[in-house]
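Peer 1:
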Amino acid sequence: MTSIFFSSPNLNLSADVCMQGPLLKHSAIRRDKERYFRLRLLQNMALLEKFKDSKDPVVRDQYEIHADSEVKFSERTGAFWFMLKTKGKDHRFGAQTPFERVHWIQAIEKCMRELKSRAKDQNEKEGDGSDSRPDSENKDEKKKDSSIKIEVDSLTQELRGKRGIRKKTHYFGYQNIKSSFKGLELVAWLLKNRFSLHRKHALEVGSQLLKAGKLARVDGMRDFDGENELYVFNKAVGVTTSALIRDIDNLTEKLQALSLEVYQLENSSEELYDMLQGQISNLKNESVKMRQHIDL
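Heads up, the sequence shown is in the working numbering, so the first residue is 35 and it goes up one at a time.
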């Protein structure tokens, strides 16, 4: 599985520093101010340290991050915000761009995964001495798959957020497809918001979103072309696709035509007609239920 790599700034980090840069810190009693932050990974915790600026040698405040901490997106005006929950307290930080917000969240999640891994290794050493850990190759593969999922999930949240891609109603297959967008519009959004630096990379990102089940192509195809093809967001992964809905619609139309033929036959019975109409009704209800799993 190929990972999605977002362009990132040159941070010149030391051995224990995972991320550093300017962030807004939200305060309930003071105006939000931009400060310089540095994320460091220690043995038993990670620290998000606050400085006045990049040249300040004194740590003004620090926030502990443990394996059970939480980090997630937060919607506020004025910046691209995310929330860090640790020791029962919520702290909001604002990045300058959507990419920087994703990069900060990924760095914090990486520290949390490392802390969990260290805690697991420590527990195994303190146990009966049996080595039940997977080999290094399996560990690397799991970390790779986890990193891909986090990147795809983070990007999907950006796409669906208030500053995300603009969704419209498009006409396709004799019906209106609400909250849909074209492949070329997704490519343009990725380039504009610096998630991709060129079209080739944007096409790779679109393909990864489609393969991960975050998007559904309305015509049922499985390739991301980045042109005029239509897409919608999936509400649930693996439940259904537009191709299945299209098949049900086609089947319903055939049954409607068949019921009309039976009804028009001179020797047709009302019982047979009612049976066909019941089947049509059941198929329509099933189609509605399946459509609810796709964000049209």
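Idealized CB from N, CA, C, for every residue including glycine.
Between residue 58 and residue 66, is the Cβ-Cβ spacing less than 8 angstroms?
Peer 2: yes
Peer 1: Using the Cβ count rule (16 or more neighbours within 10 Å means buried), how would you classify residue 62?
Peer 2: exposed
Peer 1: Around the Cβ of residue 104, are there at least 16 other Cβ atoms within 10 angstroms (buried) or fewer (exposed)?
Peer 2: exposed
Peer 1: Indicate the three-state DSSP secondary structure (helix, strand or coil) for residue 103 in the structure shown.
Peer 2: coil
Peer 1: Residue 140 lies in the alpha helix (DSSP H); which residues open and close that run?
Peer 2: Start and end: 132 to 159.
Peer 1: Which residue wins for smallest C-alpha separation from residue 257, given the options 84, 242 and 316?
Peer 2: 242
Peer 1: Three-state secondary structure (DSSP) at residue 316?
Peer 2: Helix.
Peer 1: Just tell me which of 108, 91 and 313 has its CA closest to the CA of residue 71.
Peer 2: 91
Peer 1: Under 8 angstroms by Cβ, that's how I've got residue 133 and residue 251 pegged, so tell me the actual separation to the nearest angstrom.
Peer 2: The Cβ separation is near 26 angstroms, so there is no contact.
Peer 1: Quick check on DSSP: helix, strand or coil for residue 128?
Peer 2: strand
Peer 1: Ignore the nearest five residues each way along the sequence and tell me which others in residue 93's own chain have a CB closer than 8 angstroms to its CB.
Peer 2: 83, 84 and 85
Peer 1: Mind checking residue 98: buried by the 16 CB within 10 Å criterion, or exposed?
Peer 2: exposed
Peer 1: Report the three-state DSSP secondary structure of residue 213 (helix, strand or coil).
Peer 2: In the structure shown, residue 213 sits in a strand (DSSP, three-state: E or B).
Peer 1: How far does the beta strand (DSSP E) with residue 77 in it extend, from its first residue to its last?
Peer 2: Taken as a continuous stretch (DSSP letters only), residue 77 belongs to no beta strand (DSSP E), as it is neither H nor E.
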